[in-house]
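Number of protein chains: 2
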Amino acid sequence: MNVEDLGEFGLIERLQSMIDARQGTINGLLLGIGDDAAAWKTVTGTEVASTDTMVAGVHFLPDKMPWDAIGWKAIASNLSDIAAMGCEPRFALVTLGLPPETPVAWLDALYEGMLDCTEAHGGTIVGGDIVASPVFFVTVSLTGFTTGLVMTRASAKAGDRIAVTGALGGSAGGLQLLLEKTSGDEPVTTSLLEAHFRPVPQVAAGLALVRAGITTAIDLSDGLVGDLERLCRASGVAARIEADAVPLHPALAKVFPNDSIQLALTGGEDYQLLFTAEEALLDKVRKVLPDPPVVIGTVVEGEPGQVDVLDEQGNIMVLPLTGWDHLRKSPA
Amino acid sequence: MNVEDLGEFGLIERLQSMIDARQGTINGLLLGIGDDAAAWKTVTGTEVASTDTMVAGVHFLPDKMPWDAIGWKAIASNLSDIAAMGCEPRFALVTLGLPPETPVAWLDALYEGMLDCTEAHGGTIVGGDIVASPVFFVTVSLTGFTTGLVMTRASAKAGDRIAVTGALGGSAGGLQLLLEKTSGDEPVTTSLLEAHFRPVPQVAAGLALVRAGITTAIDLSDGLVGDLERLCRASGVAARIEADAVPLHPALAKVFPNDSIQLALTGGEDYQLLFTAEEALLDKVRKVLPDPPVVIGTVVEGEPGQVDVLDEQGNIMVLPLTGWDHLRKSPA
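Chains as they are written, first to last, in our numbering: chain E, 12 to 343; chain R, 12 to 343.
So, in structure tokens, the structure goes:
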């Protein structure tokens, strides 16, 4: 059965039943799926909102990625943005662009993956839109909330240390496996594929960072160097990082011994957080994060947005690619 | 110049400049375009959120519709949802799916149209996402706010009168002109094209309705009969409307003398509001709406979602099409 057989109303009813069965009653929600808009109660504080889109053939290869993983990642990428602000994830609107021949079973799996991710890391699906489209796409917009301050990209200062919340390159390694190799089922390849299919948004880490007093963060969605460039541009500073300080996904060295550093520096979609902090504050942060952060470099004065990566000898490395320009090339 | 020449960062900078120049400082906004998420202050009340998507070739024909009109309508369709809830429009996230060969001039016009609509009817653009896509699409998600109650689709009661805030069928008439005729520039055809290109979201009417005590409303985006069916299904009631009571766009009778009622009953995208009210409340509403509402029928007990349209003789009309099923056919 495909979505054209089921029709819009049948499909909405089916997905709504699945969502209701898994989400149950949602705290503060007044109206969910089925009206002109979702509605929820607000209290005094700060709300944030982010949106991310995945287009078939551009952001993922539908014949190589399970549909539950596509759903997981559509939610995870948005949770990651909310995490980078230091907020609690709240309400998600999901828009699907569907070719009429899309099998309904794919959408069942897509929603299972989305609900797996919200159950594990926060947020609830409260509405959206379904439209016909010649290409499949999924757009999620997600709100977050805090009664405190939010972290931004714009407050890094020269002298701050630069740290990340966890290992990098795993998702890019998994993508390489999908594109180049028969992956097999050894634990190392499985763990890279898992990092690509189900990256973990650092919601708890984001909340811990902001509570500890961190004010500057960004999520690593497009690659360490490219995202750090954005943070530096927004803050009017430059940065220097040491390549051998960058924490590598544990399977990378075995599966991609020659490319592991490159994958960790420029590969996207790990969804770890990068933050900056004065040295004194770092000690405090170490005590509250779920996993110990890794210091990879320092904020310096210089051309805003300039990021130098130093090799073991202290020489500036030349990187073939620093972050994705989404309009210029297709990552997958 | 197309978007591939400009690249993602160049394009974002260009659009951000345009948006900043027109929107100026935004009340309550803490962070706009350029961070992981937009951020704004909240106070105690109710927030609503809606999202709508337009896909080239599905929801509009890019060679027949000016790009500023596409932008206007992308915002207007969302404002209309917020209006139907009786809320003030607030913050919009705009996602663009762009083929690399999209001329930048089209996007300039798209954003002019979006900003024309927010300036005229409310809401501000505070963020979004730009992705590569083989087909152009634009997704807008928009929040709204009220310190009072919201209107829903679910509270209509048998005996309520059914009313609309203004004339119908103009947008569908404009679409027919685009598809079938050389439209020329006589005032009647121009006014239908204008109704199709720049439908007016009934934000002020929605606010007036909810203040007057109306609790049940829906916006007419997919056609009078289809949308009334949705409202009736949500409320567990049926409805009876009189075809000759339905207010027609003034140009319809001249340009489409044989199809005007059909266009008003089933044509979409007029963005008028439909609401239900006890007779006594209607008098109160008449005094506060910008334009006088038109009573077109009555809520009755019956099969939930059943809508009967009666002709002049009181016979039930058979309609070929009641509302769009977005997955089964393409409106344009």
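The C-beta atom is built at its ideal place from N, Cα and C for all residues, glycine as well.
These numbers were taken from a predicted model, which means no experiment stands behind them.
query = Buried or exposed: which applies to K52(R), given that a residue is buried once 16 or more other Cβ atoms fall within 10 Å of its Cβ?
reply = When all chains shown are included, K52(R) counts as exposed.
key: Coarse secondary structure for A131(E), derived from DSSP in three states   = helix
key: Beta-carbon neighbours of K52(E), restricted to chain R and to distances below 7 Å   = Near K52(E) (Cβ distances below 7 Å), the residues of chain R are T57.
query = If you check the beta carbons only, do M90(E) and H132(E) fall under 8 Å apart?
reply = Looking at the sequence shown, residue 90(E) is not Met but Leu. In contact: L90(E) and H132(E) (Cβ atoms closer than 8 Å).
Buried or exposed by the 16-neighbour rule on C-beta atoms within 10 Å, applied to A80(E) = buried
inquiry  = Measuring CB atoms only, is the stretch 265-272 of chain R touching the stretch 225-245 of chain R, in the sense that at least three cross pairs come out at less than 8 Å?
reply    = no
query = Roughly how many angstroms separate the alpha carbons of P342(E) and F156(E), rounded to a whole number?
reply = Because P342(E) sits at a pLDDT of 41, beneath the cut-off of 50, its placement in the model cannot be relied upon, and the following sentence gives the value as read from the coordinates. P342(E) and F156(E): Cα-Cα distance of roughly 31 Å.
inquiry  = So with CB distances below 8 Å, who are the chain R contacts of F102(E)?
reply    = A60
inquiry  = Counting only Cβ-Cβ distances shorter than 8 Å, please list the residues of the stretch 128-159 of chain R near chain E, keeping chain order.
reply    = V137, G138, G139, D140, I141, V142, A143, S144, P145, V146, F148, T150, S152, T154, G155 and F156
query = Comparing the C-beta of A288(E) with each C-beta of chain R, is any distance below 8 Å?
reply = For A288(E), the answer is no, since every Cβ of chain R falls outside 8 Å of its Cβ.
ask   = Can you name the residues that DSSP bridges to S61(E)?
value = In the DSSP output, where bridge partners are listed per residue, S61(E) has L153(E).
task = Compare the C-beta of L42(E) against all C-beta atoms of chain R and say whether one is closer than 8 Å.
result = yes
task = Using DSSP bridges, identify the partner residues of V318(R).
result = A250(R)
query = Which residues in the same chain as R356(E) place their Cβ atom closer than 7 Å to its Cβ, once the five residues preceding and following it in sequence are excluded?
reply = With chain E covering only 12 through 343, there is no way to say anything about residue 356(E).
request  = Work out the CA separation of R33(E) and S202(R) for me, nearest whole Å.
outcome  = 49 Å
query = Start and end of the alpha helix (DSSP H) containing T277(E)?
reply = Looking at the DSSP string, the run of the alpha helix (DSSP H) that includes T277(E) is S271 to T277.
query = In the structure shown, what three-state DSSP assignment does T106(E) receive?
reply = strand
task = Tell me, please, which residues DSSP counts as bridged to G327(E).
result = In the sequence under discussion, the amino acid at residue 327(E) is Ile, which differs from the Gly named in the question. Its beta-bridge partners are L321(E).
ask   = Can you give the Cα-Cα distance for L218(R) and C98(R), rounded to whole angstroms?
value = Looking at the backbone, the Cα of L218(R) and that of C98(R) are separated by about 6 Å.
Runs of alpha helix (DSSP H) wholly within the stretch 165-195 of chain E (minimum 4 residues, chain order) = 181-191
ask   = Counting pairs of Cβ atoms below 8 Å between the stretch 60-72 of chain E and the stretch 40-51 of chain E, do you hit three or more?
value = no
ask   = Is the distance from the Cβ of G124(E) to the Cβ of G82(E) below 8 Å?
value = yes
ask   = Listed in chain order, which residues of the stretch 15-47 of chain R have Cβ atoms closer than 8 Å to some Cβ of chain E?
value = Cβ contacts with chain E: E15, L17, G18, E19, F20, L22, L41, L42, G45, D46 and D47.
8 Å Cβ cutoff, G49(R) in contact with chain E = Sequence check: residue 49(R) is Ala here, not Gly. Taking Cβ atoms only, chain E reaches closer than 8 Å to A49(R), which makes this a yes.
key: Proximity below 8 Å, CB of V54(E) to CB of A103(E)   = no
task = Note down the Cα distance separating D238(E) from L231(R), rounded to an integer number of angstroms.
result = 43 Å
Proximal chain E residues relative to A95(R), where beta-carbon distance stays under 7 Å = D47
request  = Report yes if the CB atom of A169(R) is closer than 8 Å to the CB atom of L300(R), and no otherwise.
outcome  = no
request  = Using the DSSP secondary-structure output, state which residues sit across from L40(R) in a beta bridge.
outcome  = When DSSP reads this structure, L40(R) sits in a beta bridge with W51(R).
task = Starting from G124(E), find everything on chain R with Cβ-Cβ shorter than 9 Å and list it in chain order.
result = Going along chain R, no residue has its Cβ under 9 Å from G124(E), so there is no contact; the nearest lies around 19 Å.
task = State the Cα-Cα distance for the pair V161(R) and G68(R), rounded to the nearest angstrom.
result = 34 Å
query = Do you know how far the Cα of L284(R) is from the Cα of D294(E)?
reply = Between D294(E) and L284(R), the C-alpha separation is close to 58 Å.
Same chain, Cβ closer than 7 Å to S166(R), neighbours up to 5 away in sequence not counted = Hits under 7 Å: T226, T227 and S246.
query = Between the stretch 215-239 of chain R and chain E, which residues of the former have a C-beta closer than 7 Å to a C-beta of the latter?
reply = I229 and D230
Presumed contact (8 Å Cβ cut-off) between A174(R) and I307(R), rounded CB distance = 7 Å
query = Where does R101(R) fall in DSSP's three states?
reply = strand
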